[in-house]
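There are 4 protein chains.
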Amino acid sequence: MLEDLKKEVYEANMALPANNLVTLTWGNVSQVDREKGVFVIKPSGVDYNDLKPEDMVVVSLDGHVVEGNLNPSTDTPTHAFLYRHWTDLGGIVHTHSKWAVAFAQAGIPVPAAGTTHADTFYGDVPVARRLTKNEVDSEYELNTGKSIVRAFESEDIDPMAVPGVLTNDHGPFTWGKDAMDAVHNAIVLDVVAEIDYHTMSLNPSQDIHVPQYLLDRHYYRKHGVNAYYGQNTH
Amino acid sequence: MLEDLKKEVYEANMALPANNLVTLTWGNVSQVDREKGVFVIKPSGVDYNDLKPEDMVVVSLDGHVVEGNLNPSTDTPTHAFLYRHWTDLGGIVHTHSKWAVAFAQAGIPVPAAGTTHADTFYGDVPVARRLTKNEVDSEYELNTGKSIVRAFESEDIDPMAVPGVLTNDHGPFTWGKDAMDAVHNAIVLDVVAEIDYHTMSLNPSQDIHVPQYLLDRHYYRKHGVNAYYGQNTH
Amino acid sequence: MLEDLKKEVYEANMALPANNLVTLTWGNVSQVDREKGVFVIKPSGVDYNDLKPEDMVVVSLDGHVVEGNLNPSTDTPTHAFLYRHWTDLGGIVHTHSKWAVAFAQAGIPVPAAGTTHADTFYGDVPVARRLTKNEVDSEYELNTGKSIVRAFESEDIDPMAVPGVLTNDHGPFTWGKDAMDAVHNAIVLDVVAEIDYHTMSLNPSQDIHVPQYLLDRHYYRKHGVNAYYGQNTH
Amino acid sequence: MLEDLKKEVYEANMALPANNLVTLTWGNVSQVDREKGVFVIKPSGVDYNDLKPEDMVVVSLDGHVVEGNLNPSTDTPTHAFLYRHWTDLGGIVHTHSKWAVAFAQAGIPVPAAGTTHADTFYGDVPVARRLTKNEVDSEYELNTGKSIVRAFESEDIDPMAVPGVLTNDHGPFTWGKDAMDAVHNAIVLDVVAEIDYHTMSLNPSQDIHVPQYLLDRHYYRKHGVNAYYGQNTH
């Protein structure tokens, strides 16, 4: 079942090593089929060189395997919770990309420090707070998903306008309208983390945020009804 | 029309990913035909892998599309203003190359800290100041061009001797006698930004500028009537 | 003799340049055959491009060449001592990978600062202390091995749970159940050193260690009887 | 004339981009034929992709072109002076490799901070002091050579034991028994500069030098009559 979706998810997973976002077998991408109420995700711990479209695992939105001979990614309960809670999400990516992880380990949001950031993320990429011992000892991966949602709800951030997060001590999750869009956002997040790291070092005593009006201009140049970037504009 | 120019501009655009100056679809290169009063520029938001010479868009110097089925780069009004104002410019490049953007976001000029810089840029690469809300809300891309020119005129810098700038909060623009020359300058700008970042970190308490006489020697070793670098010297 | 083992060791050695862990001829990998009481190791100072499986050198556990026309790696006595002392080791890797060496030269352990680290190393990767003049002037490579064992015994660290070390002034050694597993650990060590360096710089005043319960969760998600990462779980 | 030498020098020049030591046309390698009293060097400002063995230029030891249709590297007088002054030199390399240039611009020697350095350079790689206006305005490239020799003589450093230098405000020169050996030393210099930069940042308040006895051990493990590294040992 779902041959086309498996192929799309396979290709989005293969885009992670192609864009230098993963080491070894790390990282995973999924995409949801809202009508069928399932999502397709990378199997756990498989080498990218050995991965095939038919290895992708079909999982129900409550996190049970529906089809597939391989174990799904251990992060599957995180994906499932995000799909259940945020119904606009079409695809999700998790990586250990180096610059985003550096910020995640430091517990510091990736600041909206320039137009490179503003073109994709409408504001800082927030940090989901450190999980408690209880949250880690019980349903760890589910609680990771819950902590992500809390980070957005507590600060009233729209997850479709800021399509990514850093989980403290861990690394980034990004999402989008489909798997490849989520990969796009994972690429941008790591690049802006890298650039921002150096900007912060060059200018340690100053707030490096762009003004709100420039954030607005660049974000809405690419998103929404008045967008005029690219070829599908109004 | 302008098949040869389109091909040159296409090749200069493709030189950006080949030299690791771009992520995704970011960046754009143009070249002007002064006789015909038009310039050719990359279309907006097209994947470099899909780009073809015939996709290049022909634009008049006042910024209107003369030929082409695709939307030109959103940065087209910036290019047009620079061509109108500085009549020696033959080609223009805009990128989000990582090291130059780090300086642009920090609002710090790239200092002339060594002969690597002096061979191409006769002095610091300046920062065009942050745009105001009015400048961003109205004709943003045009005002970006105006801010660049102001940065040079206010400090009496010759744009042909310092063929590049950092736009604050945004990133670098470089230019040259043609598109490929502007790409050359974009490559050098990112390399010297990278090296200078590390020099500044190694020696934070000291002015790292080269003495003026060494800047003179290296710049004029490569430029002007007494140049003796390369094969086309006098 | 030992054609299969030589091939495995050859392939593990070739994985070092493939994963950007070596410059020039630096680095070496070995794997032991416990039944025969020998290990196979890279010859000294041979270019990776010229290396062939049959060039691998067979060495007894007391460090004497048993078979091979080439000199074994100068680090052979270090490998031999580790195999003799820690009988669970199947493979050993030594590199001068850049980030791990930066920490080794600084004499600073690579901190368990995130789940990326916790998935592979159950705690900080320790530093074996600087050797004395006597230790360097006499059997230097043997004494390197002894200093590694002392670093683990003095702090009661299980070498199979923390499969790597930094030798002060020098660089990393990693190990594992076989040569390729040791290469895996060498890759992870350099990546976490790189990420931790940036985390420490972003957050210089704060302890960046993960809490013990998260270290437990991630390490035991991948190791031991309750592991549930990957395809060979219980 | 000198077909074999031209081929060797060509290959050594091509090893610079292959090892990521150059940007654009920067960098040059030469090798001397002491019997004939000439050296062969890269032409000035030629793209590495266009370079051919027959483009190499033959120059006399007093710096005059003996054969070749192209202008030799502008750094030719520096090479010539070093060959005249240090008669053990067989090959010379000049690059603008990024990490070595960062130290050169900062005016800071690359410290002997680990065994990676000690294997190739028997002590810190020194900085030749900034040239005066007179030195730059007159025979700049010759005076660069003189400043290099002064840096070694004033501190009584053996150029064959420390086969490289940083020229202040400029970049590295390395040398060796032939062109490819000099390239080897250029590779090592940039790698140790990169690693040392990070070590200095991790440990800013501490002297990061290796003890003299470890410098001795590693250097003499590879050099001199008691060397035991590699396959050509005694």
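Chains as they are written, first to last, in this note's numbering: chain U, 109 to 342; chain A, 109 to 342; chain P, 109 to 342; chain L, 109 to 342.
Backbone N, C-alpha and C define an ideal beta-carbon position, used for all residues, glycine too.
Fair warning: this is a prediction, and the values are worked out from it, not measured in the lab.
Can you check whether the C-beta of residue i is within less than 8 Å of a C-beta belonging to chain A?
| i | result |
| --- | --- |
| H172 (chain L) | no |
| G153 (chain L) | yes |
| A221 (chain U) | yes |
| Y118 (chain L) | no |
Return no unless some Cβ of chain P is closer than 8 Å to the Cβ of residue i.
| i | result |
| --- | --- |
| G332 (chain L) | no |
| N128 (chain L) | no |
| T282 (chain L) | no |
Could you tell me whether any Cβ in chain U is nearer than 8 Å to the Cβ of residue i?
| i | result |
| --- | --- |
| V318 (chain P) | yes |
| G279 (chain A) | yes |
| T195 (chain P) | no |
| T186 (chain P) | no |
| V299 (chain P) | yes |
Name, please, each residue of chain P whose Cβ falls closer than 9 Å to the Cβ of residue i.
| i | result |
| --- | --- |
| N179 (chain U) | Y336, Y337, G338, Q339, T341 |
Which residues in chain L sit within 9 Å of residue i, going by Cβ to Cβ distance?
| i | result |
| --- | --- |
| T252 (chain A) | Neighbours of T252 (chain A) on chain L: none; closest Cβ ~28 Å, over 9 Å. |
By the criterion of Cβ-Cβ separation under 8 Å, what are the contact partners of residue i in chain A?
| i | result |
| --- | --- |
| Y327 (chain U) | Result: empty, since nearest Cβ-Cβ is about 12 Å, beyond 8 Å. |
Can you check whether the CB of residue j is closer than 8 Å to the CB of residue i?
| i | j | result |
| --- | --- | --- |
| S138 (chain L) | A287 (chain L) | yes |
| F189 (chain A) | G253 (chain A) | yes |
| I303 (chain L) | N127 (chain L) | no |
| V154 (chain P) | L113 (chain P) | no |
| V174 (chain L) | V233 (chain L) | no |
| I256 (chain U) | A236 (chain U) | yes |
| A208 (chain A) | L297 (chain A) | yes |
| T223 (chain U) | D277 (chain A) | yes |
| V273 (chain A) | T203 (chain A) | no |
| S262 (chain A) | Q339 (chain U) | no |
| A214 (chain P) | L310 (chain L) | yes |
Over what stretch of residues does the beta strand (DSSP E) that includes residue i continue unbroken?
| i | result |
| --- | --- |
| S168 (chain A) | 165-168 |
| V146 (chain U) | 146-149 |
| L274 (chain P) | 272-275 |
| S138 (chain A) | 136-141 |
| E175 (chain U) | 173-175 |
| F229 (chain U) | Here F229 (chain U) belongs to no beta strand (DSSP E), and DSSP marks it neither H nor E. |
| G153 (chain A) | Element bounds for G153 (chain A): n/a, residue is neither H nor E. |
| G222 (chain U) | Taken as a continuous stretch (DSSP letters only), G222 (chain U) belongs to no beta strand (DSSP E), as it is neither H nor E. |
| G215 (chain U) | It is not in any beta strand (DSSP E) - G215 (chain U) carries neither H nor E in the DSSP assignment. |
Give the residues of chain U in contact with residue i, contact being defined as C-beta atoms less than 7 Å apart.
| i | result |
| --- | --- |
| L124 (chain P) | The premise fails here: L124 (chain P) is roughly 15 Å from chain U at the closest Cβ pair, so nothing lies under 7 Å. |
| E302 (chain P) | K206 |
| T182 (chain A) | R329, Y336, Y337 |
Counting only C-beta atoms, is residue i closer than 8 Å to chain L at any point?
| i | result |
| --- | --- |
| K285 (chain P) | no |
| N157 (chain A) | no |
| L322 (chain A) | yes |
| Y191 (chain P) | no |
Along chain L, in chain order, which residues have C-beta atoms closer than 7 Å to that of residue i?
| i | result |
| --- | --- |
| L113 (chain A) | Correct list: empty, because the minimum Cβ distance to chain L is about 22 Å. |
Measuring only from the beta carbon, is residue i closer than 7 Å to any heavy atom that is part of the ligand FAD?
| i | result |
| --- | --- |
| G279 (chain P) | Looking for the ligand FAD in the displayed structure turns up nothing, as the structure carries no ligands at all. |
Chain A partners of residue i, CB-CB under 9 Å?
| i | result |
| --- | --- |
| N276 (chain U) | Per Cβ cutoff of 9 Å: no residues; N276 (chain U) is ~24 Å from chain A at best. |
| N121 (chain U) | Near N121 (chain U) there are no residues of chain A at all, since even the closest Cβ is about 18 Å away, more than 9 Å. |
The alpha helix (DSSP H) with residue i in it runs from where to where?
| i | result |
| --- | --- |
| N311 (chain U) | It is not in any alpha helix (DSSP H) - N311 (chain U) carries neither H nor E in the DSSP assignment. |
| L190 (chain U) | 184-193 |
| G198 (chain P) | Segment: none, G198 (chain P) is in no alpha helix (DSSP H) and carries neither H nor E. |
| T252 (chain L) | 248-262 |
| P125 (chain A) | 111-126 |
| E243 (chain L) | 241-245 |
| Y337 (chain P) | Careful: Y337 (chain P) lies outside any alpha helix (DSSP H) and carries neither H nor E. |
Against residue i, what residues of chain P qualify as contacts under a CB-to-CB distance less than 8 Å, listed in chain order?
| i | result |
| --- | --- |
| D132 (chain U) | In the sequence on display, residue 132 (chain U) carries Leu and not Asp. Here the neighbours are H292, I295, V296. |
| L169 (chain L) | By Cβ distance, chain P contributes nothing, its closest Cβ being about 31 Å from L169 (chain L), past 8 Å. |
For a contact defined as C-beta to C-beta under 9 Å, what are the partners of residue i on chain U?
| i | result |
| --- | --- |
| V137 (chain P) | Correct list: empty, because the minimum Cβ distance to chain U is about 17 Å. |
| L110 (chain P) | The premise fails here: L110 (chain P) is roughly 26 Å from chain U at the closest Cβ pair, so nothing lies under 9 Å. |
Of all the residues that make up the segment 223-247 of chain U, which are near chain A by a beta-carbon distance shorter than 7 Å?
T223, T224
Which residues, taken in chain order from the segment 201-219 of chain L, show a beta carbon closer than 8 Å to some beta carbon of chain A?
H204, K206, W207, V209, A210, F211, A212, Q213, A214, G215, I216
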